[in-house]
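Colleague: So that we are looking at the same thing, I have put the structure below in structure tokens.
2 protein chains.
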Amino acid sequence: MIGLMARSSGAELALLLLGGFHTMVDEVTVELAKRGHEGVRPVHEFALRAVDAGADTASELGRRLSVTKQAAAQTIATLEAFGYVNREPDPNDARRKRVRVTPRGHELMTIGGALFDKVRSRWAARIGPEQLETLETHLAQLTERRSFTAEDLQD
Amino acid sequence: MIGLMARSSGAELALLLLGGFHTMVDEVTVELAKRGHEGVRPVHEFALRAVDAGADTASELGRRLSVTKQAAAQTIATLEAFGYVNREPDPNDARRKRVRVTPRGHELMTIGGALFDKVRSRWAARIGPEQLETLETHLAQLTERRSFTAEDLQD
DNA sequence: AACAGATAGACAAGCAACTTGTCCAACCGT
DNA sequence: ACGGTTGGACAAGTTGCTTGTCTATCTGTT
Numbered sequence: 001m002i003g004l005m006a007r008s009s010g011a012e013l014a015l016l017l018l019g020g021f022h023t024m025v026d027e028v029t030v031e032l033a034k035r036g037h038e039g040v041r042p043v044h045e046f047a048l049r050a051v052d053a054g055a056d057t058a059s060e061l062g063r064r065l066s067v068t069k070q071a072a073a074q075t076i077a078t079l080e081a082f083g084y085v086n087r088e089p090d091p092n093d094a095r096r097k098r099v100r101v102t103p104r105g106h107e108l109m110t111i112g113g114a115l116f117d118k119v120r121s122r123w124a125a126r127i128g129p130e131q132l133e134t135l136e137t138h139l140a141q142l143t144e145r146r147s148f149t150a151e152d153l154q155d
Numbered sequence: 156m157i158g159l160m161a162r163s164s165g166a167e168l169a170l171l172l173l174g175g176f177h178t179m180v181d182e183v184t185v186e187l188a189k190r191g192h193e194g195v196r197p198v199h200e201f202a203l204r205a206v207d208a209g210a211d212t213a214s215e216l217g218r219r220l221s222v223t224k225q226a227a228a229q230t231i232a233t234l235e236a237f238g239y240v241n242r243e244p245d246p247n248d249a250r251r252k253r254v255r256v257t258p259r260g261h262e263l264m265t266i267g268g269a270l271f272d273k274v275r276s277r278w279a280a281r282i283g284p285e286q287l288e289t290l291e292t293h294l295a296q297l298t299e300r301r302s303f304t305a306e307d308l309q310d
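Set out below in structure tokens:
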């Protein structure tokens with residue numbers, strides 16, 4: 001059966017990883033919309049988190065997310081239009097625009113984080129907290145040289 | 156430190172999953188290009204596998220990948236242009252076009268599968284074969300009601 | 001046999017999130 | 001003062017999806 005010959009446990013693993021990701025983000029996205037944050041997509045959530053974690057220029061965000069600085073700038077523009085960040089000139093470097101997370105952006109991250117944590121808690125209840133931590137540890141080991149990309153966060 | 160307040164272990168888990176996925180597919184995509192399969196993106200590989208596993212119409216592929224039948228049809232058109240599938244009328248249902256994987260498509264899946272398996276083997280060597288199987292079992296449990304989507308396979 | 005509803009697919013247009021290309025201003029090291 | 005690098009703006013293009021609309025075909029019912 002030629003179909004079976006094409007089976008690949010490696011390809012199936014890739015799909016399991018992707019499925020896991022989308023199981024989480026789809027639920028969070030739907031729920032965020034219900035909580036007054038319509039139109040938020042995974043790339044917004046994760047870009048916002050990266051900004052808040054220190055990637056506060058378009059160039060830096062691009063590096064952090066492994067996309068071009070133009071793509072990062074576009075995401076920042078969208079976040080600004082939504083009211084989640086604002087931009088202001090860097091007093092020490094006139095080339096730069098500093099990106100700041102607004103209170104509304106913090107609200108988004110707080111609600112979003114709680115939603116992600118809720119999904120994670122259900123997963124911990126399902127397979128055991130220690131098993132989940134082991135899964136996370138393993139994934140961290142296996143991906144440790146990779147930065148995450150917004151391109152990967154495509155809806 | 157407000158940055159730390161926004162930390163979410165659930166959001167970090169989502170990124171670990173995505174990072175794992177892209178660690179695998181990026182390496183496979185690069186290597187496939189070296190082996191004469193340029194321009195192949197993850198959506199192509201996984202759509203081809205779904206066709207080969209039985210989703211041999213655009214409507215069926217759309218269901219299998221959780222995208223619209225139009226999106227599936229566009230992917231099939233791309234696969235056909237690349238020479239990985241061909242389409243022919245269904246003798247029993249004039250509405251339908253049956254999608255067949257070509258020998259070149261089988262070659263892509265064979266090479267791609269081996270590449271995915273190679274990455275998986277390295278991961279097994281890294282964390283232990285039984286640990287990897289446990290990780291896979293857990294992910295399968297946690298995502299079992301979800302079908303994987305080509306939208307998720309965005310490059 | 002006729003008909004209504006469902007399904008498959010084609011086509012067009014639009015959207016989101018990226019890319020490349022180009023350009024200019026500002027900074028830094030020599 | 002100058003050359004190289006960096007940050008960002010802008011435009012245009014690409015990819016992979018979406019929605020909307022339409023037609024042909026199939027199926028079940030009457």
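In order, the protein sequence lines correspond to chains A and B. Take the first sequence: its letter number 131 is residue 131 in our numbering, and every next letter is one higher. Take any residue in the second sequence, count from 1 to its spot, add 155: that is its number in our numbering. By construction, the Cβ of each residue, glycine as well, lies at the ideal position given by its N, Cα and C atoms.
(1) Mind checking whether L79 (chain A) and E291 (chain B) have CB atoms under 9 Å apart?
(2) Give me the subset of the region 6-29 of chain A whose CB atoms are less than 9 Å from a CB atom of chain B, sorted by chain position.
(3) Taking 9 Å as the threshold (beta carbon to beta carbon), is A140 (chain A) in contact with chain B?
(4) Quick one: Cα of A104 (chain B) to Cα of R219 (chain B), how far?
(5) Would you say the beta carbon of A77 (chain A) is closer than 8 Å to some non-hydrogen atom of the ligand SAH?
(6) Within 10 angstroms of its Cβ, does T23 (chain A) collect 16 or more other Cβ (buried), or is it exposed?
(7) Would V85 (chain A) pass as a contact of R100 (chain A) if the rule is Cβ separation under 9 Å?
(8) Put P284 (chain B) into one of helix, strand or coil per three-state DSSP.
(9) DSSP puts R87 (chain A) in a beta bridge; with which residues?
(10) Hey, could you find the ends of the alpha helix (DSSP H) S59 (chain A) is sitting in?
(11) Consider the Cβ of E200 (chain B): report whether some Cβ of chain A lies at a distance smaller than 9 Å.
(12) Run through DSSP, which three-state label would A53 (chain A) get?
(13) Over the uninterrupted alpha helix (DSSP H) stretch that includes E80 (chain A), give me the two end residues.
(14) Use the C-beta contact count for A58 (chain A): other C-beta atoms within 10 angstroms, 16 or more gives buried, fewer gives exposed.
(15) Using a 10 Å radius around the Cβ and a threshold of 16 neighbouring Cβ atoms, would you call G283 (chain B) buried or exposed?
(16) By the 10 Å Cβ neighbour count, where 16 or more other Cβ atoms means buried, how is D93 (chain A) classified, buried or exposed?
(17) Where do the N-terminal and C-terminal ends of the alpha helix (DSSP H) with S9 (chain A) fall, by residue?
(18) Checking contacts by CB at 9 Å: is I127 (chain A) closer than that to chain B?
(19) Kindly list, in the order they appear in chain A, the residues whose Cβ is closer than 7 Å to that of D272 (chain B).
(20) Can you list the residues of chain A that R275 (chain B) reaches, using a CB-CB cut of under 7 Å?
(21) Taking C-beta to C-beta, are H37 (chain A) and L287 (chain B) nearer than 9 Å?
(22) How long is the line joining the alpha carbons of V119 (chain A) and G165 (chain B), rounded to whole angstroms?
(23) Pull up the CB-CB distance for D272 (chain B) and S8 (chain A), whole angstroms please, since I reckon it's below 8 Å.
(24) Measuring only the C-alpha atoms, how far is T110 (chain A) from L173 (chain B)?
(25) Does any CB atom of chain B fall closer than 9 Å to the CB of A114 (chain A)?
(26) Taking 9 Å as the threshold (C-beta atoms), are G217 (chain B) and T143 (chain A) in contact?
(27) Between the alpha carbons of V222 (chain B) and P89 (chain A), how many angstroms are there, rounded?
Modeller: To lay it out plainly:
(1) Locating residue 79 (chain A) in the first sequence gives position 79, counting from the first residue. Locating residue 291 (chain B) in the second sequence gives position 136, counting from the first residue. No, Cβ-Cβ distance for L79 (chain A) and E291 (chain B) is not below 9 Å.
(2) A6, R7, S8, S9, G10, A11, E12, L13, A14, L15, L16, L17, L18, G19, G20, F21, H22, T23, M24, V25, D26 and V28
(3) Residue numbering aside, residue 140 (chain A) sits at position 140 when the first sequence is read from its first letter. It does: the Cβ of A140 (chain A) has a partner Cβ on chain B nearer than 9 Å.
(4) Residue 104 (chain B) is absent from the model: chain B starts at 156 and stops at 310.
(5) This structure lacks the ligand SAH; in fact it carries no ligand of any kind.
(6) By 1-based counting over the first sequence, the position of residue 23 (chain A) is 23. Buried.
(7) Translated into the one-based positions of the first sequence, residue 85 (chain A) becomes position 85. Translated into the one-based positions of the first sequence, residue 100 (chain A) becomes position 100. Yes.
(8) Walking along the second sequence from the start, residue 284 (chain B) turns up at place 129. DSSP places P284 (chain B) in helix when its eight states are reduced to three.
(9) In the first sequence, counting from the first residue as 1, residue 87 (chain A) sits at position 87. Looking at the DSSP assignment, R87 (chain A) forms a beta bridge with A:V99.
(10) Taking the first sequence and counting its residues from 1, one reaches residue 59 (chain A) at position 59. Its alpha helix (DSSP H) spans residues A58 to L65.
(11) On the second sequence, position 45 is the one that residue 200 (chain B) refers to. E200 (chain B) counts as touching chain A.
(12) Taking the first residue of the first sequence as 1, we reach residue 53 (chain A) at position 53. Coil.
(13) Within the first sequence, the letter at position 80 stands for residue 80 (chain A). Taken as a continuous stretch (DSSP letters only), the alpha helix (DSSP H) holding E80 (chain A) covers K69 to F82.
(14) As a first step, residue 58 (chain A) is located in the first sequence; it is residue number 58 there, counting from the start. That one is buried.
(15) The residue you call residue 283 (chain B) lines up with position 128 of the second sequence. Looking at its Cβ environment, which holds fewer than 16 other Cβ atoms inside 10 Å, G283 (chain B) is exposed.
(16) As a working mapping, residue 93 (chain A) is identified with position 93 in the first sequence. Classification of D93 (chain A): exposed, given that the 10 Å Cβ count is below 16.
(17) Counted from its first residue, the first sequence places residue 9 (chain A) at position 9. Taken as a continuous stretch (DSSP letters only), the alpha helix (DSSP H) holding S9 (chain A) covers S9 to K34.
(18) In the first sequence, the residue the question calls residue 127 (chain A) occupies position 127. With 9 Å as the cut-off, I127 (chain A) counts as an interface residue toward chain B.
(19) Here the question's residue 272 (chain B) lines up with position 117 in the second sequence. Correct list: S8, S9 and G10.
(20) Here the question's residue 275 (chain B) lines up with position 120 in the second sequence. Per Cβ cutoff of 7 Å: S9, G10 and L13.
(21) Within the first sequence, residue 37 (chain A) is the residue found at index 37, counting from 1. Within the second sequence, residue 287 (chain B) is the residue found at index 132, counting from 1. The answer is no: Cβ separation not under 9 Å.
(22) If you number the first sequence from 1, residue 119 (chain A) lands on position 119. If you number the second sequence from 1, residue 165 (chain B) lands on position 10. Computed Cα separation, rounded: 7 Å.
(23) Here residue 272 (chain B) is taken as the residue at index 117 of the second sequence, counted from 1. Here residue 8 (chain A) is taken as the residue at index 8 of the first sequence, counted from 1. So it is a contact: roughly 6 Å between Cβ atoms.
(24) Translated into positions along the first sequence, residue 110 (chain A) becomes position 110. Translated into positions along the second sequence, residue 173 (chain B) becomes position 18. Using only the alpha carbons, I get a separation of about 21 Å.
(25) As a working mapping, residue 114 (chain A) is identified with position 114 in the first sequence. Output row for A114 (chain A): interface = yes.
(26) To locate residue 143 (chain A), count along the first sequence from 1; it is residue 143. To locate residue 217 (chain B), count along the second sequence from 1; it is residue 62. In this structure, the beta-carbon distance from T143 (chain A) to G217 (chain B) does not fall below 9 Å.
(27) As a position in the second sequence, residue 222 (chain B) is number 67, starting the count at 1. As a position in the first sequence, residue 89 (chain A) is number 89, starting the count at 1. Distance between the alpha carbons of V222 (chain B) and P89 (chain A): 42 Å.
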